[in-house]
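Residue numbers (the working numbering): 7 to 412.
Ideal Cβ placement from N, Cα and C applies to all residues, glycine included.
These figures come from a predicted structure and were not determined experimentally.
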Amino acid sequence: MKNNPEIAIVGGGLVGLCAALSLQHPDRQVHVIESSALAQQKATGLNSRSIALSCSSVQIFRALGLWSKIRKQASPIRTIHISSQGRWGVARLHAADYELEALGYVIESSILGSLLLDQVKHSKLITLDTEAEFENAEYGKTVKLDYRCRNKKKRISASLVVVADGASSKGRASLGIEHRITDYGQSAVITNVLVSKPVGGTAYERFTPEGPLAMLPLGRDRYACVWTHDPENTDHLMRLDDQQFAEALQQGFGYRLGYIEQIGQRYSFPLHRTEALALAKYRCVLIGNAANALHPVAGQGFNLALRDVASLCELFLNQSIRNLDEPSIAKALSQYEISRKAEQAKVVRLGDGLVSLFSNEFPLLGPIRAAALGLLDIVPALKAEVALSGMGFSFGGNSMLRGQMP
Ligand SMILES: Cc1cc2nc3c(=O)[nH]c(=O)nc-3n(C[C@H](O)[C@H](O)[C@H](O)COP(=O)(O)OP(=O)(O)OC[C@H]3O[C@@H](n4cnc5c(N)ncnc54)[C@H](O)[C@@H]3O)c2cc1C
């Protein structure tokens, strides 16, 4: 194992592993430090968790040569149906209107994680240390990272550090980068369900008085459900038995997919947005949830993070990091920060706008919501703008967004 990799990545979650695969290059070594065991996970059927991939993510995976493997395990979203419970407005976005095979794809997170892990393990350019907890760092001509791997203290030194250790990032704290937490006063209940009348390739986003409810197709009669509620309602929903929960969900969602016939394991967690006040410092850059943990309403957190990775890749792929002095790295990272902050702010505004427009029970907002959905359905330019944002293409492009490595 090399003690002085050119690039170190703190955190080997979905985003950290994607960063490692994107930044590997024959001229340099990438070293990932991940605190969990990261064992290959098997899909767990009705109890699995899923993630919706936007078209921009598809292009990035295509550039990495991974898309054909991922595609085999993913369900396409060909139509997105957006509605508001008890209101007349409905909007539909169709892939065919944009000459696309799909507007996005849904995949079980464990399957995606296993595919990425497999790829990382097969790379001679990436070293992966699991059960390795980052503890601290010294920032100088290189960054010296201290971590504990299975009770042994270790130190590596790297020219560039990518911090991808999640929303409560120790890497971010060690850099002294402040973060802001916005509490949405809501929690998400997630589960998978089996329905009696699946509508192939259609995803639903339904705004209920309690909060947004998403049903994403997982193939055949299986759907992934994410339902946002206030914490009190969440506790109540979590205490219901499966039959009672199915009835509550049926009431919130309606009968567009027939009867809800079976419910998987339910999970709940409080929703807040964590936003780092800077994206880069010294020779380090924050990505993924360490930089921005978003509200899941628009399913954009991972997709946004992948575009961060693509942008980093564009800046660093052809550079020999070893020869980059501090001013050159600082210049590249400041360029990165300017371009990514703007896009991140736009995605956050879009998600927060949806949350406040559709979760607020102020009576006047009902007709506004209905009108917004009606307008979205009939104004092609508006629809195209929303579809492009959802697909991750409305923010300018780079090579990976065109499906090619820089
Ligand atoms: C309900 C829900 C639904 C979602 N749906 C979607 C969706 O459909 N589409 C989408 O794009 N996004 C979605 N998201 C967001 C997406 O899940 C996240 O953006 C993404 O998983 C963030 O990944 P990450 O690797 O940055 O962070 P994490 O997944 O938190 O990974 C961080 C990693 O760092 C490791 N780590 C932590 N501390 C240390 C340490 N000290 N040393 C070493 N390693 C450490 C952890 O073990 C972990 O593996 C959803 C989120 C939620 C909550």
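At a cut-off of 7 Å, the beta-carbon of residue 302 counts as near ligand 1: some heavy atom of the ligand is closer than that. The region 191–201 and the region 37–46 do not touch, with fewer than 3 CB-CB distances between them shorter than 8 Å. By the 16-neighbour rule on beta-carbons within 10 angstroms, residue 218 is buried. Secondary structure at residue 343: helix, using DSSP grouped into helix, strand and coil.
DSSP links residue 144 through a beta bridge to 150. Judged by their CB atoms, residue 29 and residue 322 are nearer to each other than the 8 Å cut-off. Of the heavy atoms belonging to ligand 1, none sits nearer than 7 Å to the Cβ of residue 147. Taking 8 Å as the cut-off, the beta carbon of residue 76 is found closer than this to the beta carbon of residue 113.
Between residue 83 and residue 110, the C-beta spacing is below 8 Å. With three or more CB-CB distances shorter than 8 Å, the region 179–195 counts as touching the region 268–288. Judged by DSSP secondary structure, residue 77 falls within the alpha helix (DSSP H) whose first and last residues are 73–79. The C-beta of residue 408 has fewer than 16 other C-beta atoms within 10 Å across all chains shown, which makes the residue exposed.
The count of Cβ pairs closer than 8 Å, one atom from the region 255–274 and one from the region 218–229, reaches three, so the stretches are in contact. DSSP places residue 69 inside the alpha helix (DSSP H), whose first and last residues are 61–69.
Pairing residue 134 with residue 18 gives a Cβ-Cβ distance under 8 Å. With a cut-off of 8 Å on Cβ pairs, the region 166–176 is in contact with the region 281–293, counting three or more such pairs. The residue among 211, 204, 130 and 248 with its C-alpha nearest the C-alpha of residue 32 is 130. A distance below 8 Å separates the beta carbons of residue 339 and residue 291. For the set 137, 143 and 142, the Cα lying nearest the Cα of residue 157 is the one of 137.
Spatial neighbours of residue 354 in its own chain (CB-CB distance under 8 Å, excluding positions within 5 residues in sequence) are listed in chain order as 279, 281, 298 and 300. When beta bridges are read from the DSSP output, residue 159 appears opposite 154. Assignment of beta strand (DSSP E) within the region 231–316, counting only whole runs of 3 or more residues, yields 266–269, 273–282 and 290–292 in chain order.
Where residue 225 is concerned, there is no enclosing alpha helix (DSSP H), because DSSP gives it neither an H nor an E. Closer than 7 Å to some heavy atom of ligand 1: that does not describe the Cβ of residue 67.
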